[in-house]
Each structure stands twice: as C-alpha cells, then as structure tokens.
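Engineer: Protein chains in written order, with the working numbering: chain P, 12 to 124; chain E, 11 to 120.
Don't be surprised by glycine CBs; every beta carbon is placed ideally from N, CA and C.
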Amino acid sequence: SQTIHQWPATLVQPVGSPLSLECTVEGTSNPNLYWYRQAAGRGLQLLFYSVGIGQISSEVPQNLSASRPQDRQFILSSKKLLLSDSGFYLCAWSFRFYTGELFFGEGSRLTVL
Amino acid sequence: KNEVEQSPQNLTAQEGEFITINCSYSVGISALHWLQQHPGGGIVSLFMLSSGKKKHGRLIATINIQEKHSSLHITASHPRDSAVYICAVSTQGGSEKLVFGKGTKLTVNP
C-alpha cells in the first residue's frame, strides 16, 4: 500500500532563517506531488505541484521554492523566512493529476517569529 | 464570490443526530472531493465523486451536477466525527486545478 510521510511535524523558526520541509511517498511510482499551505481561518492554497522528477510548477509567487530530486521525494524550501510564511503546510500526492483522489501527509506546522 | 462555497461554516450537534454539510460550486468540474481534517491537522480523503451518490459506513456523499451542489451526510453522529470537512472540486477546462472550500467545522457533543 502507498504511504506518505512529511517532516518535521512542528517547527519554530526566526525571521530570515532558512526552511526545508521534506515529503516522501512510498509504494507507488511517478506520483503527482503537491505542496499546500493552510493559513489560519483560510482554505487550502496550492503552492507547488510536480508531475515528474525535476518538474516544478508554482501557483503563487512567494519566497518559497520546491524541488523534486527523486521520483518520490518533494522538498519545500526557503532561503529567508518571512512572518507571513507561518502556517500549516501539507504535502499530498495523487495518481492522476488534479482529478485523482488526494492522499495527504501529516502536515508541518511552521511558526515564524 | 468563491468558486466553492460551503455551508454552514460551523455546526454543533448532539451525538446521534443526522448531519448535513453542503457544498455549492460555480465552475465546471470533473470531480468533487470531500476531505476530513482532524483536530491535529491531518487530512483524509473521504469521497471523490462525479455523479450520483457514494456511501462509506455512516457517511454518504451526493452530487447534483445540474444544480452544482453536493452534500455530505453523517448518520448517527459520534463525537469522533468532530473535524473540519472540506469540499474541493477538480475543475474542467484549459487550466485544470483543485479549488477548495473553506471548510465546515463540525463539533459533536456526547
């Protein structure tokens, strides 16, 4: 069966520090991968998606970036965090791009101070 | 106006009650998703449907494509059903994307 893992679960970072959130999927190959952010009181916002190794599409301009160095690994990064980057970040995958059932990781709660 | 609207925003029920959460959308879709977000934040996919009705245990999801409306029903609600329920649609057209509602927070009291 397929599983998705995301870490770290919680982190508190100072403004201007770097960020790296990692997500891995097991039990499937060539998954479509997504990074979402959920700000307090708001819906899920798609940040990045990837349909294959090295292929990254950005949905919103920001100081975050994503990379997919391996088929089942998806990384969300920032060189310098802003206060507005605080939120709950979720990694997800699907068999079919956008129309397939979504499977989510456990989420990472980021607080930027 | 958001492309996906859910109602109500908050819902409190007593254990055993029948619950309905509504989702309306304004775009053409290829599928509609119902998700459950637990208090800890984790999200689980409950249903993905494009027509008719689906049932899983005490949960039932229906969709009316003509009216662009879906409902999620919970029968014999239980405190463990307390969560945020999110409706999302896979849009059709030249730029397919997933659009999420803001969620309905359900609290079931014992």
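With a cut-off of 8 Å, do at least 3 Cβ pairs link the stretch 91–100 of chain P to the stretch 46–56 of chain P?
Structural biologist: Contact holds: three or more Cβ-Cβ distances are below 8 Å.
Engineer: Mark residue 85(E) as exposed unless 16 or more other C-beta atoms lie within 10 angstroms of its C-beta, in which case mark it buried.
Structural biologist: When all chains shown are included, residue 85(E) counts as exposed.
Engineer: Note the first and the last residue of the continuous beta strand (DSSP E) segment covering residue 115(E).
Structural biologist: Residues 114–119.
Engineer: Helix, strand or coil: how does DSSP classify residue 90(E) here?
Structural biologist: Residue 90(E) falls in the helix class under three-state DSSP.
Engineer: Check whether the stretch 17–24 of chain E touches the stretch 59–66 of chain E, taking contact to mean three or more Cβ pairs, one atom from each stretch, closer than 8 Å.
Structural biologist: Judged by Cβ distances under 8 Å, the stretch 17–24 of chain E makes no contact with the stretch 59–66 of chain E, as fewer than three pairs qualify.
Engineer: Using alpha carbons as the reference points, say which of 38(P), 30(P), 34(P), 23(P) lies closest to residue 12(P).
Structural biologist: Selected option, being the one with the closest Cα: 38(P).
Engineer: What is the DSSP secondary structure of residue 56(E), counted as helix, strand or coil?
Structural biologist: Three-state DSSP puts residue 56(E) in a strand.
Engineer: What did DSSP end up calling residue 40(P) once you bin it into helix, strand or coil?
Structural biologist: In the structure shown, residue 40(P) sits in coil (DSSP, three-state: anything other than H, G, I, E or B).
Engineer: On the DSSP bridge list, what partners appear for residue 108(P)?
Structural biologist: Answer by DSSP bridge pairing: none, since residue 108(P) is not bridged.
Engineer: Hey, how far is the Cα of residue 37(E) from the Cα of residue 93(E)?
Structural biologist: Approximately 26 Å, taken between the alpha carbons.
Engineer: Please list the partners that residue 37(P) has in chain E, where partner means a Cβ-to-Cβ separation under 7 Å.
Structural biologist: Correct list: empty, because the minimum Cβ distance to chain E is about 17 Å.
Engineer: Quick test of your reading: residue 14(E) and residue 35(E), contact by CB under 8 Å. State the CB separation rounded to the nearest angstrom.
Structural biologist: Yes, they are in contact, since the Cβ atoms of residue 14(E) and residue 35(E) sit about 5 Å apart, within 8 Å.
Engineer: With H, G and I counted as helix, E and B as strand and the rest as coil, what does DSSP make of residue 124(P)?
Structural biologist: Looking at residue 124(P) - three-state DSSP - the assignment turns out to be coil, as it is neither helix nor strand.
Engineer: Give the interface partners of residue 53(P) over in chain E, defined as CB-CB distance under 8 Å, in chain order.
Structural biologist: Residues of chain E passing the Cβ test: 112.
Engineer: Is the beta carbon of residue 88(P) less than 8 Å from the beta carbon of residue 95(P)?
Structural biologist: No, they are not a contact pair.
Engineer: Can you tell me which of 28(P), 33(P), 29(P), 27(P) puts its alpha carbon nearest to the alpha carbon of residue 19(P)?
Structural biologist: It is 33(P).
Engineer: Can you tell which of 40(P), 74(P), 56(P) has the C-alpha that lies nearest to the C-alpha of residue 63(P)?
Structural biologist: With distances taken between Cα atoms, residue 63(P) lies closest to 40(P).
Engineer: Find the nearest neighbour of residue 75(E) within the set 28(E), 90(E), 112(E), 40(E), judged by alpha-carbon distance.
Structural biologist: Nearest C-alpha to residue 75(E): 40(E).
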